[in-house]
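Engineer: Residue numbers (our numbering): 6 to 451.
For glycine and all other residues, C-beta sits at the position ideal for the given N, C-alpha and C.
As the structure is a computational prediction, the values presented were derived from the model and not from experiment.
Have a look at this one before I ask anything.
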């Protein structure tokens, strides 16, 4: 209803008449001095009880002195039950603070890695295919590099390189339907491989040196074969590591080399498989065609033109590298599907002699052992790499005036920490590794 009002100009002291519509929330017949909104509401109740902390229904609330929520969070593993706090994952290798950062850092991505992706643990550079992706990360004393993500999905082959082991902490779920490759490639260690704690031993002699020893890890490595009808011994095997919980995280070890006294020409050792730790607050799932490859590298024979080797510079075979380490930590870890594989197999030793055709095979992900190199006339074959079912094979012994084969590298280790303390591979999923399961550690937060 339109109302007319008599107003006085303060400046001119003259009456002014004007008409306008009053606000909708003002009573039509009220004096303006008494006008009040008809829809005014009483003061809102406090959002929480002032100066209290509560935890219920898997949700934590810290209430400030003014009765409003100062901080709240969903509890990853529920409320504690005895104190008003959440239970949260307490990951191995001291990376809890980085798991917290994965939740709070706005730059932590929901990371998807498709075919042809790469991660460099030395520089922290990540590529999803050909596209660079910025992922917050930190160097852990030069041993490992940790990357913080909101979630992780590996859908294609992702190759990891660098001298540091790979740690990924995720606030959400981790899914692998592609391949995460931290394996060694012949002499090249996987990321975090080559720790020096379980190396195969060299074989050295004035004439006809024997085959070098394979590296140890989940088992002892295998010794190298003798040369020249036993006149020259093979190199000793690398030792087994007793480190079921993989804390500290470290990769596999390189095999040994065979060398002639006074000569720079040597056979090449197989590299150690890499080290990887993945942590999730919810679950880790390897499904469909999900693969983690942390296998060791095959031993390498002496090569003409490399390190002063000539056609007369034959040597014993190089020792195979051992498989690396895989540590998965989440409330639930799933392996589902006939093409799902976790492999830390050892590499085969190379054959005695000279030439690239004599190399041992990388451990790989297929069933069975990685073969040692096949020798030409006058030398001996390399030993096969270790598997989850059998230790590595000793390098073959050579007859008179021949060179022994390198010993095979041992299988590596895997550890799976879950809320139940168990894992149950389904649908033909294969764990080609020496593995154990344990109960996921927890901590109180905040």
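(1) Express the C-alpha separation of residue 428 and residue 119 in angstroms, rounding to a whole number.
(2) Only counting the same chain, and skipping five residues up and downstream in sequence, which positions put a Cβ closer than 6 Å to that of residue 193?
(3) Measuring CB to CB, does residue 258 end up less than 9 Å from residue 222?
(4) Going by DSSP, what residue range makes up the alpha helix (DSSP H) through residue 104?
(5) Which residue wins for smallest C-alpha separation from residue 94, given the options 269, 337, 240, 411?
(6) Note down, one range per segment and in chain order, each beta strand (DSSP E) of at least 3 residues found wholly within the stretch 326-370.
(7) Here's the rule I'm using: 16 or more other beta-carbon atoms within 10 Å means buried, otherwise exposed. How should residue 422 be labelled?
(8) Go ahead and pull the three-state DSSP assignment for residue 32.
(9) Would DSSP call residue 39 helix, strand or coil?
(10) Is it the case that the Cβ atoms of residue 270 and residue 243 are separated by a distance below 9 Å?
(11) Hey, could you find the ends of the beta strand (DSSP E) residue 5 is sitting in?
(12) Count the C-beta pairs between the stretch 282-289 and the stretch 227-241 that are closer than 8 Å, then say yes if the count reaches three, no if not.
(13) According to DSSP, which residues form a beta bridge with residue 403?
(14) Considering only their Cβ atoms, is the gap separating residue 278 from residue 188 smaller than 9 Å?
(15) Let me confirm a value: residue 418 is counted as buried when at least 16 other C-beta atoms fall within 10 Å, else exposed. Which label applies?
(16) Considering only the beta carbon of each residue, do residue 123 and residue 90 sit closer than 9 Å?
(17) For residue 282, is the classification buried or exposed, using 16 other Cβ atoms within 10 angstroms of its Cβ as the cut-off for buried?
(18) Using 10 angstroms around the beta-carbon of residue 153, count the other beta-carbons present and answer buried if the total reaches 16, otherwise exposed.
(19) Where does residue 98 sit, in a helix, a strand or coil, going by DSSP?
(20) By the three-class DSSP mapping on this structure, what secondary structure does residue 61 have?
(21) Within 8 Å, do at least three Cβ pairs link the stretch 380-387 to the stretch 352-367?
(22) For residue 294, which option in 343, 166, 104 has the closest C-alpha, if you only look at C-alpha atoms?
(23) Report the residue from 292, 176, 247, 218 whose alpha carbon sits nearest the alpha carbon of residue 264.
(24) Of all the options 74, 172, 125, 117, which has the alpha carbon lying nearest to the alpha carbon of residue 101?
(25) Buried or exposed: residue 254, going by 16 or more other Cβ atoms within 10 Å of its Cβ?
(26) Taking 8 Å as the threshold, find out whether the stretch 406-415 comes into contact with the stretch 197-217 through three or more Cβ pairs.
(27) Could you give the distance in angstroms between the alpha-carbon of residue 99 and the alpha-carbon of residue 358?
(28) Taking the DSSP output, what are the residues bridged to residue 263?
(29) Considering only C-alpha positions, which residue in the set 252, 110, 228, 195 is nearest to residue 400?
(30) Since residue 414 and residue 351 are thought to touch, with beta carbons under 8 Å apart, how far apart are those beta carbons, to the nearest angstrom?
(31) Beta-carbon within less than 6 Å of residue 32's beta-carbon, same chain only, minus the 5 sequence neighbours each way: which residues are those?
Structural biologist: Taking the geometry as given:
(1) Here residue 119 corresponds to residue number 114 of the chain shown, with the count starting at 1. Here residue 428 corresponds to residue number 423 of the chain shown, with the count starting at 1. Each residue's Cα considered, the two are about 27 Å apart.
(2) Taking the chain shown and counting its residues from 1, one reaches residue 193 at position 188. Excluding residues within five positions, the ones whose Cβ falls inside 6 Å are 276.
(3) Taking the first residue of the chain shown as position 1, residue 258 is located at position 253. Taking the first residue of the chain shown as position 1, residue 222 is located at position 217. Yes, these two residues count as a Cβ contact at 9 Å.
(4) Numbered from its first residue, the chain shown carries residue 104 at position 99. Where residue 104 is concerned, the enclosing alpha helix (DSSP H) stretches over 101-109.
(5) Position 89 of the chain shown, counting from 1, holds the residue named residue 94. The residue with the shortest Cα to Cα distance from residue 94 is 337.
(6) 330-334, 337-341, 346-348
(7) The residue given as residue 422 occupies position 417 in the chain shown. Classification of residue 422: buried, given that the 10 Å Cβ count is 16 or more.
(8) To locate residue 32, count along the chain shown from 1; it is residue 27. Any answer about residue 32 is weak, because its pLDDT of 47 lies below 50 and its placement is not dependable; what the coordinates show is given next. Three-state DSSP puts residue 32 in coil, outside helix and strand.
(9) The residue given as residue 39 occupies position 34 in the chain shown. Any answer about residue 39 is weak, because its pLDDT of 46 lies below 50 and its placement is not dependable; what the coordinates show is given next. The answer is helix: DSSP assigns residue 39 an H, G or I state.
(10) Walking along the chain shown from the start, residue 270 turns up at place 265. Walking along the chain shown from the start, residue 243 turns up at place 238. Not closer than 9 Å, so no.
(11) Residue numbering for the chain in the displayed model covers 6 to 451; residue 5 lies beyond these limits and cannot be assessed.
(12) no
(13) On the chain shown, position 398 is the one that residue 403 refers to. For residue 403, which the question treats as bridged, DSSP gives no partner whatsoever.
(14) Position 183 of the chain shown, counted from the start, is the residue given in the question as residue 188. Position 273 of the chain shown, counted from the start, is the residue given in the question as residue 278. For residue 188 and residue 278, yes; Cβs fall inside 9 Å.
(15) As a first step, residue 418 is located in the chain shown; it is residue number 413 there, counting from the start. When all chains shown are included, residue 418 counts as buried.
(16) Residue numbering aside, residue 123 sits at position 118 when the chain shown is read from its first letter. Residue numbering aside, residue 90 sits at position 85 when the chain shown is read from its first letter. Not a contact, by the Cβ cut-off of 9 Å.
(17) Within the chain shown, numbered from 1, the residue matching residue 282 stands at position 277. It counts as buried.
(18) Locating residue 153 in the chain shown gives position 148, where the first residue counts as 1. Residue 153 is buried by the Cβ-count criterion.
(19) Translated into the one-based positions of the chain shown, residue 98 becomes position 93. If DSSP states are grouped into helix, strand and coil, residue 98 belongs with the helices.
(20) In the chain shown, counting from the first residue as 1, residue 61 sits at position 56. Residue 61 falls in the strand class under three-state DSSP.
(21) yes
(22) The count along the chain shown starts at 1 and reaches residue 294 at position 289. Cα-wise, what sits closest to residue 294 is 343.
(23) Mapped onto the chain shown, residue 264 falls at position 259. Nearest C-alpha to residue 264: 218.
(24) Counting from 1 along the chain shown, the entry for residue 101 is found at position 96. Per the Cα distances, 172.
(25) Working through the chain shown from its first residue, we reach residue 254 at position 249. With 16 or more other Cβ atoms within 10 Å, it is buried.
(26) yes
(27) Residue mapping note: residue 99 aligns to position 94 of the chain shown, counting from 1. Residue mapping note: residue 358 aligns to position 353 of the chain shown, counting from 1. Roughly 46 Å between the two C-alpha positions.
(28) The residue labelled residue 263 in the question sits at position 258 within the chain shown. Paired residue(s): 208.
(29) Within the chain shown, numbered from 1, the residue matching residue 400 stands at position 395. Nearest C-alpha to residue 400: 228.
(30) Sequence index remark: in the chain shown, residue 414 carries index 409 (1-based). Sequence index remark: in the chain shown, residue 351 carries index 346 (1-based). Correct: roughly 3 Å between the Cβ atoms.
(31) If you number the chain shown from 1, residue 32 lands on position 27. Note that residue 32 has pLDDT 47, beneath the 50 cutoff, so the model's placement of it is unreliable and the number below is only indicative. The answer is none, since no qualifying residue turns up.
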